[in-house]
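Colleague: Okay, here's the structure, questions in a sec.
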Amino acid sequence: MQKIVIALVGQPNVGKSHLANAMSGSNLKIGNFAGVTVEKATARLKTEDFAIEFIDLPGLYSLEDFSADEKVTKDFLQKGEYDLILNVVDSTNLERNLMLTTELMELQRKMVIALNMDDEAIKEGIDIDAETMSKILSVPCVRVSSKIKTNIEMLINQVLHVTKNEFIAPKLVYSDEVEEQLQTIVRFLEDKHFTTPHFSNRQIAVGLLWQKREIYALMHEQPLYVELHPILNNALGHVYMYAQSEDIEEIINRQHGAFSAGLSAEVLHVTKVIRKNLTQTIDAILIHKLLGLPIFIFLMWGLFQLTFTLGRIPMDWIEASFGWLAETVGNTIDNEAMKSLIADGIIAGVGSVVMFLPNIMILFLGIALLETTGYMSRAAFLLDGFFHKFGLHGKSFVPLVTGFGCSVPAYMAARTLKNKKDRLLTMFIIGFMSCGARLPVYVLFAGAFFEENMAGNVLFGIYITGALLGLIAAKILRVSAFKGEDEPFVMEMPKYRLPSLKLLWFVVYSKSLMYIKKAGTFILMASMLIWFISSYPKNSLIEEEYTTKIEALQPSVTEEQSNSIEEVTKTVEEDKGTSLEEATKALENEKREKLMEHTYLGMIGRTIEPAFAPLGFDWKMSVATFSGLAAKEVIVSTLGVLYSLGDGVKEDDGSLRAIITANISFQSAMAFIVFVMVYLPCLAATAVFAKEAEETKYTVYLVIFTFATAWVLAFITYQGLMLLA
Amino acid sequence: MDLSQINKNQKAHIKSIHAQNTLKKRLLSLGLGIGKEVEVVETSLQKNTIKVSLGYSSIALRFDEAKLIEVEVA
């Protein structure tokens, strides 16, 4: 069986992924959606004689290194191994799409053009003569619709046909003046019997004339460059003279533009004129001067409501089922340590990740909708002005909004930003958008220190404060660490389109899978580690001491009871019973606390305590911030354990609330909230950050930056409140 | 006259683009070629960003970028 590698190339929003999806049928394995993925993704299709592999490259407007996405595509097209370019074109926007097509034709590779969205074009009265177009270009052009799956079979046949046959050079003609100069260069190269494995002589001539860096680098090394140089100079001089411009980019653009316009005029027939299309009508409302922002804010609010309210429902079920699983599995294991590792470490660890999956899925769905419908660019349009004041880019809003759900996908969402500095800046402040895992901590503390009816407002205040701090931090970073030119804001506003349910499902499915895989491994490892250091070393001395103490209580109970005469009323007996129970419980708790203090975690707590002392944290709070690195939810359970309530205490547990109110001062608590609000999201997120930021130094900066900011802000909070008190 | 000075619902032809290399390439590849007709469709509240339509597509750009595009009212 022969393997065929197809590179899908096209401008953004032309439906490349969708087409790959339609072509590969059920064998879909694509992970590249709406500009979020920088890496190439593949899908496979097996026919009788061939195994076709699709490489779904990120969309691009031209073969320039404008963004990380575009560089990936360009590099792959120039250096990667593939058999054929499948150029996907939006039939409803033919002329501009053809600009990229002409650039692709200059690559001199086997190519097939898919005139996608044919159904939409027909509706708009656009008719493209694919047959004529194929003849003019010497490249097969097929009208297809990935949406209603028309001509998919024909497209596959064309792809196979082109692969099986010899390469036919596509016919791309420039103006006579340019062609003349190209001929001169080609003739010279041929006279010198010059050949290279990767490029044809015409390609080299075009590359030289268009001043492409790679071709220059290649030719510069050749001895014949000495003779070529004056010829080339002469040719360029002529081109400049004809074009009456010395700007090569403009000349190239005009050449490509003229070719595209000419071809368009030849093959495109518009049968009816639609004065105002649906997109313009919707845009008149959605990006309206006055209505636009309120609508946007309402939509965001709705997304959050859905994420938190709808997401909470399955959360409880998942929590319950993992609890059940831990118990059931735990009961089958005799070895105490093994049982603890599996039940408290592994199952609880995986559970804490899976628990947030519903929220993540809803948020992903919301973001997928924003992206696929075309609303994202509108939101960026609306927000750019405000964001720009803080040194952020309009497009930063997507990762920031995602950050309220979970920082892991938020860091990945930052890929939509083209400029590296803008991208890093956004990633640095994602942590300020309080993620869902911090919510339990806030709920615990807000409930402990504020009246019930105020707690909700406090919670809202925490989120807003976090976001505002993030904006201020962005401004500070912008004028210090990430100085430099702003990324220009120029973006296409694609047509509004309703995404197919299959596509939406796939986005949610593949991203959820990614979340489980990536975050799951890190949180799993972290929770196993926390389990280990909070369980070892075992201290049998303390264990024995308390066991004796507790046992000592028991006989006294029976003694007292036997000594007691019948006249003692039942109420008194009950009183004694509860007080004894309480005494036992208190001893148990004390034992747990003592044991905890002597574990590695306890030792770490004692060691790091001085660093947190100026913030008003005791060693237990210090440890909680430390264990919170694994995941923020761990803070609550750590505090529960450390304040002698045993593990598994939930944020809504009144007793933990009471103990916290009793043990922690208001000032310390506020400082603690501020610290939790700002410091590093979690290890999983940090690992994703490290991967996305590419350079290790940025991860080091992030750790230092978040800890320093958190410490300073918590210090100010604590000391400020102490002064006020 | 530059693109930022064009009123809403007004059409203009692009005469030249004064942007630096990378931005210029980007604008050109988005279809903002010399001689093309553009129409300003929407401006944001504080005149920060504008939306222009050209042919079958719409482009959003910041006022700063629009200033670099020299146009002639159609």
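So the protein lines, in turn, are chains A and B. So that you can map any letter, position 453 of the first sequence is 453 in my numbering, and since no number is skipped, the others follow by simple counting. Add 1000 to the 1-based position in the second sequence for my numbering, that's all there is to it. All C-beta atoms in this analysis are idealised placements derived from N, C-alpha and C, irrespective of residue type, glycine included.
Spatial neighbours of glycine 602/A within its chain, please: CB distance less than 7 Å, with the 5 preceding and 5 following residues excluded, ordered by chain position.
Modeller: Here the question's residue 602/A lines up with position 602 in the first sequence. Answer for glycine 602/A: Met596, listed in chain order.
Colleague: Extract the residue ranges of the alpha helix (DSSP H) inside the stretch 53 to 88 of chain A, only unbroken runs of 4 or more that lie entirely within it.
Modeller: Correct list: 68 to 79.
Colleague: Tell me which same chain residues have a C-beta within less than 6 Å of the C-beta of glutamate 567/A, skipping the five on either side of it?
Modeller: Numbered from 1 along the first sequence, position 567 holds the residue referred to as residue 567/A. Because glutamate 567/A carries a pLDDT of 46, less than 50, the predicted location of this residue cannot be relied on, and no value is offered for it.
Colleague: How long is the line joining the alpha carbons of phenylalanine 428/A and alanine 708/A, rounded to whole angstroms?
Modeller: Against the first sequence, residue 428/A aligns to sequence position 428. Against the first sequence, residue 708/A aligns to sequence position 708. Their Cα atoms are separated by approximately 13 Å.
Colleague: If contacts are defined as beta-carbon pairs under 8 Å, then alanine 1060/B and methionine 300/A qualify, I think. What distance do you get, rounded to the angstrom?
Modeller: The count along the second sequence starts at 1 and reaches residue 1060/B at position 60. The count along the first sequence starts at 1 and reaches residue 300/A at position 300. Actually they do not touch by this definition, with Cβ atoms about 19 Å apart.
Colleague: Mapping the DSSP letters down to three states, classify histidine 193/A as helix, strand or coil.
Modeller: Residue mapping note: residue 193/A aligns to position 193 of the first sequence, counting from 1. In this structure, histidine 193/A counts as coil in the three-state DSSP scheme.
Colleague: Please tell me whether valine 1073/B has its Cβ less than 8 Å away from any Cβ of chain A.
Modeller: For this step, residue 1073/B is matched to residue 73 along the second sequence. Output row for valine 1073/B: interface = no.
Colleague: Confirm, please, whether the CB-CB distance from serine 62/A to methionine 99/A is below 8 Å.
Modeller: By one-based count along the first sequence, residue 99/A stands at place 99. By one-based count along the first sequence, residue 62/A stands at place 62. In contact: methionine 99/A and serine 62/A (Cβ atoms closer than 8 Å).
Colleague: Could you check whether alanine 368/A and alanine 631/A sit closer than 8 Å to each other, using their CB atoms as the reference points?
Modeller: Stepping through the first sequence from its first residue, residue 631/A is reached at position 631. Stepping through the first sequence from its first residue, residue 368/A is reached at position 368. No, these two residues do not count as a Cβ contact at 8 Å.
Colleague: Where does the unbroken alpha helix (DSSP H) through leucine 1027/B begin, and where does it stop?
Modeller: As a first step, residue 1027/B is located in the second sequence; it is residue number 27 there, counting from the start. Counting along the chain, the alpha helix (DSSP H) containing leucine 1027/B begins and ends at 1021 to 1029.
Colleague: Where does lysine 110/A fall in DSSP's three states?
Modeller: Locating residue 110/A in the first sequence gives position 110, counting from the first residue. If DSSP states are grouped into helix, strand and coil, lysine 110/A belongs with coil.
Colleague: Indicate whether at least one CB of chain B lies closer than 8 Å to the CB of aspartate 118/A.
Modeller: As a working note, residue 118/A is residue 118 in the first sequence. Aspartate 118/A does not count as touching chain B.
Colleague: Alpha carbon to alpha carbon, what distance is there between leucine 224/A and tryptophan 210/A?
Modeller: Translated into positions along the first sequence, residue 210/A becomes position 210. Translated into positions along the first sequence, residue 224/A becomes position 224. Going from the Cα of tryptophan 210/A to the Cα of leucine 224/A covers about 19 Å.
Colleague: My parser needs the alpha helix (DSSP H) runs of 4 or more residues fully inside the stretch 277 to 310 of chain A; what are they?
Modeller: The stretch 277 to 310 of chain A contains these whole alpha helix (DSSP H) runs: 278 to 286, 292 to 305.
Colleague: Return the CA-CA distance between asparagine 728/A and alanine 583/A, expressed in angstroms with no decimal places.
Modeller: Coverage of chain A is limited to positions 1 through 725, which leaves residue 728/A absent and any answer about it impossible.
Colleague: Which runs of the beta strand (DSSP E) spanning at least 3 residues fall entirely within the stretch 116 to 146 of chain A, listed in chain order?
Modeller: Entirely contained in the stretch 116 to 146 of chain A, the beta strand (DSSP E) runs reaching 3 residues are, in chain order, 126 to 128, 141 to 143.
Colleague: Figure out for me which residue from Leu529/A, Lys549/A, Met111/A has the closest Cα to the Cα of leucine 683/A.
Modeller: Translated into the one-based positions of the first sequence, residue 683/A becomes position 683. The option with the nearest alpha carbon to leucine 683/A is Leu529/A.
Colleague: Got a sec: which bits of the stretch 1001 to 1017 of chain B sit with their beta carbon under 7 Å from any beta carbon on chain A, in order along the chain?
Modeller: Cβ contacts with chain A come from no residue of the stretch 1001 to 1017 of chain B.
Colleague: Does the distance from the C-beta atom of valine 1038/B to that of isoleucine 1014/B stay below 8 Å?
Modeller: Taking the first residue of the second sequence as 1, we reach residue 1038/B at position 38. Taking the first residue of the second sequence as 1, we reach residue 1014/B at position 14. Yes, these two residues count as a Cβ contact at 8 Å.
Colleague: Apply the 10 Å Cβ neighbour rule to glutamine 244/A and answer buried if 16 or more other Cβ atoms are within range, or exposed otherwise.
Modeller: Reading the first sequence from its first residue, position 244 is the one you call residue 244/A. Per the 10 Å Cβ criterion, exposed.
Colleague: Counting only C-beta atoms, is leucine 1061/B closer than 8 Å to chain A at any point?
Modeller: In the second sequence, counting from the first residue as 1, residue 1061/B sits at position 61. Interface residue, yes.
Colleague: Using a Cβ cut-off of 7 Å, which residues of the stretch 469 to 500 of chain A contact any Cβ in chain B, in chain order?
Modeller: The residues in question are Pro488, Phe489, Val490, Met491, Glu492, Met493.
Colleague: Determine the chain B residues that contact lysine 289/A at a beta-carbon separation under 8 Å, and present them in chain order.
Modeller: Reading the first sequence from its first residue, position 289 is the one you call residue 289/A. Per Cβ cutoff of 8 Å: Glu1042, Thr1043, Ser1044, Leu1045.
Colleague: Going by DSSP in three states, serine 1058/B sits in which element: helix, strand or coil?
Modeller: Here residue 1058/B refers to the residue found at position 58 of the second sequence. Reduced to three states, the DSSP call for serine 1058/B is strand.
Colleague: Going by DSSP, which residues form a beta bridge with phenylalanine 50/A?
Modeller: Reading the first sequence from its first residue, position 50 is the one you call residue 50/A. Partner(s): Gln2/A.
Colleague: Mind the definition here: the stretch 694 to 711 of chain A touches the stretch 659 to 673 of chain A only if three or more C-beta pairs lie below 8 Å; say whether that holds.
Modeller: No: fewer than three Cβ pairs fall under 8 Å.
Colleague: Can you pull the chain A neighbours of lysine 1051/B, defined as C-beta to C-beta under 8 Å?
Modeller: In the second sequence, counting from the first residue as 1, residue 1051/B sits at position 51. The contacting residues are Asp283, Ile287, Phe381, Met493.
Colleague: Taking DSSP as the reference, what is the three-state secondary structure of threonine 101/A?
Modeller: What you label residue 101/A is simply residue 101 of the first sequence in a count that begins at 1. Looking at threonine 101/A - three-state DSSP - the assignment turns out to be helix.
Colleague: State buried or exposed for glutamine 999/B, treating a residue as buried only when at least 16 other CB atoms are found within 10 Å of its CB.
Modeller: For residue 999/B there is no data in the structure shown, the boundaries of chain B being 1001 and 1074.
Colleague: So which of Asp1002/B, Leu1068/B, Ile1017/B has the shortest CA-CA distance to glutamine 1010/B?
Modeller: As a working note, residue 1010/B is residue 10 in the second sequence. That would be Asp1002/B, whose Cα lies nearest to the Cα of glutamine 1010/B.
Colleague: Restricting to Cα atoms, I'd like to know which of Gly616/A, Ala710/A, Pro409/A, Ile673/A is closest to glutamate 692/A.
Modeller: By one-based count along the first sequence, residue 692/A stands at place 692. Nearest option by C-alpha distance: Pro409/A.
Colleague: Please confirm if the stretch 384 to 401 of chain A is in contact with the stretch 410 to 424 of chain A, defined as three or more CB-CB distances below 8 Å between the two stretches.
Modeller: Result yes; three or more Cβ-Cβ pairs closer than 8 Å.
Colleague: What does DSSP give as the partner residues of leucine 8/A in its beta bridges?
Modeller: For this step, residue 8/A is matched to residue 8 along the first sequence. Paired residue(s): Asp56/A, Leu86/A.
Colleague: Can the beta-carbon of isoleucine 635/A be found less than 8 Å from the beta-carbon of valine 676/A?
Modeller: The residue labelled residue 635/A in the question sits at position 635 within the first sequence. The residue labelled residue 676/A in the question sits at position 676 within the first sequence. In contact: isoleucine 635/A and valine 676/A (Cβ atoms closer than 8 Å).
Colleague: Look at the Cβ atom of glycine 628/A, then the Cβ atom of alanine 671/A, and state whether they are nearer than 8 Å.
Modeller: Residue mapping note: residue 628/A aligns to position 628 of the first sequence, counting from 1. Residue mapping note: residue 671/A aligns to position 671 of the first sequence, counting from 1. No. Outside cutoff.
Colleague: Any beta carbon from chain A within less than 8 Å of isoleucine 1034/B's own beta carbon?
Modeller: Reading the second sequence from its first residue, position 34 is the one you call residue 1034/B. Closer than 8 Å to some Cβ of chain A, the Cβ of isoleucine 1034/B qualifies, so yes.
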